[in-house]
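J.: The numbers in the working numbering rise by one with no breaks, and the one at position 234 of the sequence shown is 340.
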Amino acid sequence: MIRISRRMAVLGGAALAGCRPAPKAAKAAPPKTIAEAVAGPWRSAADKARDPWRHPLESLTFWGLKPGATVVEFWPGAGWYSEILAPFLDATGGELYAAHLQLGEPGDLSAQQVVEAYRAKYAAGRKPYGKVEVTAFGPTSGPVAPAGSADLALFLRNLHNWMAAGIAEKAFRDAFLALKPGGVLGVEEHRAAPGGVPDLLAQDGYVDQAYVTRLGQEAGFALAATSELNANPKDTRDHPFGVWTLPPVRRSSPRGEAFDPSFDHRKYDAIGESDRMTLKFVKPA
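(1) Leaving aside the five residues before and after F365 along the sequence, list all residues of the same chain whose C-beta is less than 6 angstroms from its C-beta, in chain order.
(2) From G200 to G170, what distance separates their C-alpha atoms?
(3) To which residues of the same chain is A128 closer than 6 angstroms at the C-beta, ignoring the five residues directly before and after it?
(4) According to DSSP, simplified to helix, strand and coil, what is P390?
(5) Consult DSSP for R225 and reduce its assignment to one of helix, strand or coil.
(6) Pop quiz: R156 and P339 are said to be a contact at Cβ under 8 angstroms. What is the actual Cβ separation, rounded to whole angstroms?
(7) Looking only at its own chain, which residues have a Cβ that is under 6 angstroms from the Cβ of L385, when we skip the five neighbours before and after it?
(8) Where does H266 fall in DSSP's three states?
(9) Assess contact between the region 172 to 186 and the region 258 to 266, defined as three or more Cβ pairs (one per stretch) separated by less than 8 angstroms. Is contact present?
(10) Between V388 and G231, which are expected to be in contact by the criterion C-beta below 8 angstroms, what is the C-beta distance as a whole number of angstroms?
(11) Going by the CB atoms, is the gap between A284 and V250 shorter than 7 angstroms?
(12) Would you mind sorting D344 into buried or exposed? The rule is 16 or more other CB atoms within 10 Å of its CB.
(13) Tell me which residue opens and which closes the alpha helix (DSSP H) that K276 is part of.
(14) Would you give the residue range spanned by the alpha helix (DSSP H) that T342 belongs to?
(15) Tell me the rounded alpha-carbon separation between T319 and V313.
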């Protein structure tokens, strides 16, 4: 069982963005390339505005996404990346497993709303998304996909949440189990300044890259490549409300407290989104 706690930004930004009614998807030819999926008219203007920071085309290419692949996306939130992955995989004969939040008690409404909104959008078999297989990842969850079935697994800005919840090691183990020999685990995560003492709870949202590498290797992966695609040298990492001070969250007060209208966002907006590591692990053949 797992809850959305004060420390866990499970949606990579607006915590319940996925609960808003999804806009009607625009009609378009099925995307046969990653570039066509990124350019898809079903993606909102707000999502596309983040492409210069998240580099989806370049990142997915770096991780080796191929037509017809089987992909596991861990904790997809409202579906920022799913809006690219699902149409591409549906059009090319692939499959997307969304290992979403493991729901706990019936009163855990925030997590239930997030998962239900995701299911309504992606698990209904509507074009352009096709039918996404929604599974679960959490402290006591089972397999996220059939063992040895996946070509690619993705950890997209969620490791800090799992570290806070004590399930980061399990995430790597579950990904390793789901992947085929030779399969790839792609990681994008807020990056702490090198050389410091790693914060194993990632309280400010930043994670030590060497620690992530060690977690992957301890799970059986080999680190195949790193990239600076999602680097941001302007990120000083010393923000009053952690990484969430920066866009897209733009927090103005501690988590759980009311928005502070007097907070000056200009300094942090000028930095842009966080400095992030981009890693490619491989399950040995």
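Backbone N, C-alpha and C define an ideal beta-carbon position, used for all residues, glycine too.
T.: Reading off the structure:
(1) The residue you call residue 365 lines up with position 259 of the sequence shown. S358.
(2) For this step, residue 200 is matched to residue 94 along the sequence shown. For this step, residue 170 is matched to residue 64 along the sequence shown. The straight-line gap from Cα to Cα measures roughly 14 angstroms.
(3) Here residue 128 corresponds to residue number 22 of the sequence shown, with the count starting at 1. Confidence is the limiting factor: at A128 the pLDDT is only 48, short of 50, which leaves the residue's position unreliable and the question unanswerable from this model.
(4) By 1-based counting over the sequence shown, the position of residue 390 is 284. Residue state, collapsed to three classes: coil.
(5) What you label residue 225 is simply residue 119 of the sequence shown in a count that begins at 1. Correct three-state label for R225: helix.
(6) The count along the sequence shown starts at 1 and reaches residue 156 at position 50. The count along the sequence shown starts at 1 and reaches residue 339 at position 233. Contact flag wrong, Cβ pair sits at about 19 angstroms.
(7) Looking up residue 385 in the sequence shown gives position 279. Cβ neighbours of L385 beyond the five flanking positions: V293, T332.
(8) Counting from one through the sequence shown, the residue named residue 266 turns up at place 160. If DSSP states are grouped into helix, strand and coil, H266 belongs with the helices.
(9) yes
(10) Taking the first residue of the sequence shown as position 1, residue 388 is located at position 282. Taking the first residue of the sequence shown as position 1, residue 231 is located at position 125. The Cβ separation is near 32 angstroms, so there is no contact.
(11) Residue mapping note: residue 250 aligns to position 144 of the sequence shown, counting from 1. Residue mapping note: residue 284 aligns to position 178 of the sequence shown, counting from 1. A contact, by the Cβ cut-off of 7 angstroms.
(12) Your numbering for residue 344 matches position 238 in the sequence shown. D344 comes out exposed.
(13) Taking the sequence shown and counting its residues from 1, one reaches residue 276 at position 170. Unbroken alpha helix (DSSP H) run through K276: 274 to 284.
(14) As a first step, residue 342 is located in the sequence shown; it is residue number 236 there, counting from the start. Counting along the chain, T342 falls outside any alpha helix (DSSP H), and DSSP gives it neither H nor E.
(15) Residue 319 sits at position 213 when you count from the first residue of the sequence shown. Residue 313 sits at position 207 when you count from the first residue of the sequence shown. T319 and V313: Cα-Cα distance of roughly 11 angstroms.
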